[in-house]
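Numbering (our numbering), first residue to last: 68 to 417. Remarks on the structure that follows.
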Amino acid sequence: MGERLFYAGDNLDGLELLTRRGLHADLVYIDPPFATGNDFRISQRRANAISASGQLAYSDRLRGSDYLDTLERQLCAIRAVMSPSASIYVHIGLAVEHRVRVLLDEVFGAENFRNSIARIKCNPKNFARYAYGNVRDSILFYSMSPKTLTWNPQREPLSEADIERLYPQTDVFGRRYTTTPLHAPGITRDGETGKPWRGIDPPEGRHWRYSPQRLDELDVQGLVAWSSTGNPRLKKFAEDNKGKLPQDVWEYKDPQNPLYPTQKNADMLRRIILTSSNPGDVVLDCFAGSGETLVQAHGLGRRFVGMDVSAAAQGVIRGRLRDVDVEWVEEDDEPGLRVFRATGKPQELA
Ligand SMILES: C[S@@+](CC[C@H](N)C(=O)[O-])C[C@H]1O[C@@H](n2cnc3c(N)ncnc32)[C@H](O)[C@@H]1O
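So this is what it looks like as structure tokens:
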């Protein structure tokens, strides 16, 4: 699929169009309404999350079974266009998260549940109410298969505090390091790793991790730290640490002055796109809002399909994509459907 598409209308129609054209998505991020019962408006000066005045951005009025039935139909239509290696991230509020998770188990299979990510969305709140401050929402992460999903985890560099805690020693060159045992559990009956090295036996029930030749090499390279009692240990340097694997609590606060209500954090979307898609893949957001997912996908050399029913969202998205040299041209071959195709050049692949 060479396109970067936008469907201006109800996503059930847009997804049906993708199916009809045999188009697939390799990654889906959606942030549907959360059944809050609110209207979200854009006032002249800023896109407030909830405001009494201004242009209606979107209405989040469906509740209860109406909300869940609609979302279930949308999730089934999304699944129908997902490629076998695709993942889906569903951003959702805590009031409906548990029900939406049951839906996702039904549509994608409980075996395809990967994570429920707690997303810290704002600073601590000091409202007086009979509950703890609510600073998080949730991202439910599922894949089409438990094993064949695209997965490029984005390691995070260690902080200064991490380095000081994990690597307490410093060598003569100023490099921070820690030490680990040079022996491992288990005994070797006749092997050379069970024999003394430099006259030292491995401790009871253990063997040397390396052959005597390799241990000599490590020592010559200055990689063995000798304690005052003559105990050898292996040096591990902070500079060789590849960074921390991401966990399931993320802190990505949303913009203070959004262009569209409930606009999500760009860095969070970049992490999702980099982790769960490859350059050239198709990223789908069929509740596109401000178009942040589409803009970030484009910037990372991915193709994208966006959909939104809101005229306000469509205006914001067009403007934002124009800023990154993507123009929309209305297609003529879909009477009654408003499909746009980006004509700008794709970004260099990330
Ligand atoms: C919570 S907002 C998405 C915000 C977006 N993630 C962002 O970062 O700006 C939900 C969006 O879904 C759109 N929407 C709701 N129902 C829809 C439907 N049936 N088809 C297409 N778009 C829909 C709304 O118009 C709204 O823009």
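Glycine residues also receive a C-beta, built at the ideal position from the N, C-alpha and C atoms.
If you draw a straight line from the C-alpha of residue 139 to the C-alpha of residue 278, how long is it?
59 Å
Skipping 5 residues on each side, what residues in its chain have a beta carbon closer than 7 Å to that of residue 416?
Because the pLDDT at residue 416 is just 46, under 50, the model does not fix this residue reliably, and the value given afterwards should be weighed accordingly. Cβ neighbours of residue 416 beyond the five flanking positions: 346, 347, 368.
Give every residue of the same chain whose Cβ lies closer than 8 Å to the Cβ of residue 161, excluding the five residues on either side of it in the sequence, and list them in chain order.
201, 203, 204, 205
DSSP-derived helix/strand/coil call for residue 68:
Summary for residue 68: the model assigns pLDDT 42, below 50, so the residue's position carries little reliability; its value from the coordinates is reported in the next sentence. Reduced to three states, the DSSP call for residue 68 is coil.
8 Å CB neighbourhood of residue 258 in its chain, flanking five on each side removed:
274
What does DSSP give as the partner residues of residue 106 in its beta bridges?
126
The alpha helix (DSSP H) enclosing residue 335, as first and last residue numbers:
333-343
Tell me, to the nearest whole angstrom, how far the beta carbon of residue 247 is from that of residue 303; I am working on the premise that it is less than 8 Å.
6 Å
Inter-residue spacing [alpha-carbon to alpha-carbon] between residue 68 and residue 327
Low confidence applies to residue 68: its pLDDT is 42, below 50, so where it sits in the model is not reliable enough to give any reading.
Candidates 186, 157, 185: which alpha carbon is nearest residue 172's?
157
For residue 287 and residue 208, the rounded distance between their alpha carbons
48 Å
Excluding five sequence neighbours on each side, which residues of the same chain lie with their C-beta closer than 8 Å to the C-beta of residue 321?
188, 189, 329, 330, 331, 332
I need the straight-line Cα distance from residue 253 to residue 270, nearest angstrom please.
10 Å
Write down every uninterrupted run of the alpha helix (DSSP H) in the stretch 154-224 whose length is 4 residues or greater and which is fully enclosed by it, in chain order.
161-175
If you count every other CB in all the chains shown that lies within 10 Å of the CB of residue 197, and 16 or more means buried, which is it?
exposed
For residue 72 and residue 142, what's the separation of their Cα atoms in angstroms?
19 Å
Grouping DSSP H, G and I as helix and E and B as strand, with all else coil, what is residue 319?
coil
Let me know the secondary structure DSSP gives residue 91 once reduced to three states.
coil
CB residue 70 to CB residue 370, shorter than 8 Å?
yes
Between the alpha carbons of residue 260 and residue 305, how many angstroms are there, rounded?
28 Å
Any non-hydrogen atom of ligand 1 within 7 Å of residue 407 CB
no
Could you say which of 168, 325, 108 lies nearest to residue 178 if we only look at CA atoms?
168
For ligand 1, is there a heavy atom less than 7 Å away from the beta-carbon of residue 189?
no
Confirm the yes/no value for this check: CB of residue 78, any heavy atom of ligand 1, distance under 7 Å.
yes
In DSSP terms, what residue 274 is bridged to
251
Using C-beta distances below 6 Å, list every residue in its chain close to residue 293, excluding the 5 sequence neighbours before and after it, in chain order.
299
Distance between beta carbons of residue 406 and residue 84, contact taken as under 8 Å
7 Å
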